[in-house]
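Each residue of the sequence shown is one higher than the one before, starting from -13 at the first, in my numbering.
Below you'll find the structure, written out as structure tokens, and then a few comments.
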Amino acid sequence: MADAIPSMEPAPPPLLSLAEVEALARRAHSGQTDKAGRPYAEHLAAVAAGVRERGGSDEQIAAAWLHDAVEDEALTREWLSGAALSEATKAMILAVTKRADEPVEDYTARILATPGALLVKESDLVHNADPARLAVLDAPTRERLTAKYARVRELLGLPGRSGASGPSGASGSSQASGQ
-13 MADAIPSMEP APPPLLSLAE VEALARRAHS GQTDKAGRPY AEHLAAVAAG VRERGGSDEQ
47 IAAAWLHDAV EDEALTREWL SGAALSEATK AMILAVTKRA DEPVEDYTAR ILATPGALLV
107 KESDLVHNAD PARLAVLDAP TRERLTAKYA RVRELLGLPG RSGASGPSGA SGSSQASGQ
């Protein structure tokens, strides 16, 4: 048997731990608030907890922490490309990143086509549509968002709000993501 020749390529850096991903997400969104004026990190934590409670993998939990980072321009696509995250996590983050002027049908089709992304988006929708979070918004905004979230749930094949389960809280979507 021939001697194995050691690889001359450096080993890839280890993937970020969930604690490191959480700290990164909190730093990236530092100073941002949701429409209710709550620290945006509360929404990220609720989405990550929702993914965990629904049996999500560590890759999905990492994607939940970073699900709005590119959309809100807290982190760039270039940063994400080189980040010490699994390719699956990166794909989920990009799948749930809404693009400017993108039809909702294209957005939801991308989520459905990306393994693991549906659970992240479901947890995001549950938290965004939380009645306590919506109650602090003015009526036109509340009605617009309620209809928007219902349409996305329908396109994703998710049960209506009454059939959803998950964490409750008073925070929600970022002003920067326009939701």
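Beta carbons are placed, not taken as given, at the ideal position from N, Cα and C, and that holds for glycine.
Is residue i helix, strand or coil by DSSP?
| i | result |
| --- | --- |
| proline 25 | strand |
| aspartate 116 | coil |
| threonine 75 | helix |
| aspartate 20 | strand |
| glutamate 64 | helix |
| aspartate 44 | helix |
| arginine 85 | coil |
| serine 154 | Model confidence at serine 154 stands at a pLDDT of 34, short of 50, so the residue's coordinates are unreliable; what they give is reported in the following sentence. The answer is coil: DSSP assigns serine 154 none of H, G, I, E or B. |
| glutamate 6 | helix |
| glycine 36 | helix |
| valine 56 | coil |
Given this structure, state the Cα-to-Cα distance separating residue i from residue j, to the nearest angstrom.
| i | j | result |
| --- | --- | --- |
| glycine 146 | proline -4 | 49 angstroms |
| serine 3 | leucine 80 | 19 angstroms |
| arginine 85 | aspartate 58 | 11 angstroms |
| glycine 68 | arginine 128 | 38 angstroms |
| valine 237 | glutamate 88 | Any answer about residue 237 is impossible in this case: the structure gives the chain only from -13 up to 165. |
| valine 106 | methionine 78 | 8 angstroms |
| glutamate 8 | proline 101 | 21 angstroms |
| glycine 152 | alanine 60 | Any reading at glycine 152 is ruled out, since the residue's pLDDT is 38, under 50, leaving its predicted position unreliable. |
| serine 159 | lysine 134 | Residue placement at serine 159 is flagged as unreliable, the pLDDT there being 35, under the threshold of 50; a coordinate-derived value is accordingly withheld. |
| glycine 155 | proline -1 | Here glycine 155 scores only 34 on pLDDT, less than 50, and its place in the model should not be relied on; the value that follows carries that caveat. Distance between the alpha carbons of glycine 155 and proline -1: 36 angstroms. |
| leucine 17 | threonine 132 | One point to set straight first is that residue 17 is glycine, not leucine, in the sequence displayed. Each residue's Cα considered, the two are about 26 angstroms apart. |
| leucine 111 | leucine 10 | 22 angstroms |
| tryptophan 65 | alanine 136 | 32 angstroms |
My assumption, with CB atoms under 8 angstroms, is that residue i sits in contact with residue j. Please give the rounded CB distance.
| i | j | result |
| --- | --- | --- |
| threonine 83 | alanine 48 | No, threonine 83 and alanine 48 are not in contact; Cβ-Cβ is about 15 angstroms, not under 8 angstroms. |
| leucine 141 | valine 90 | 6 angstroms |
Indicate whether at least one CB of chain D lies closer than 8 angstroms to the CB of residue i.
| i | result |
| --- | --- |
| alanine 74 | In summary, chain D is missing from the structure at hand, where a single protein chain is found. |
Since residue i is in the alpha helix (DSSP H), which residue starts that stretch and which ends it?
| i | result |
| --- | --- |
| glutamate 129 | 125 to 142 |
Practice task
Would you check if there are 3 or more beta carbon pairs closer than 8 angstroms linking the segment 121 to 137 to the segment 21 to 40?
Solution key: Between the segment 121 to 137 and the segment 21 to 40 there are three or more inter-stretch CB-CB distances shorter than 8 angstroms, so the stretches are counted as touching.
Problem - Cβ contact (3+ pairs, closer than 8 angstroms) linking the segment 89 to 97 and the segment 39 to 55 - result: These segments do not touch.
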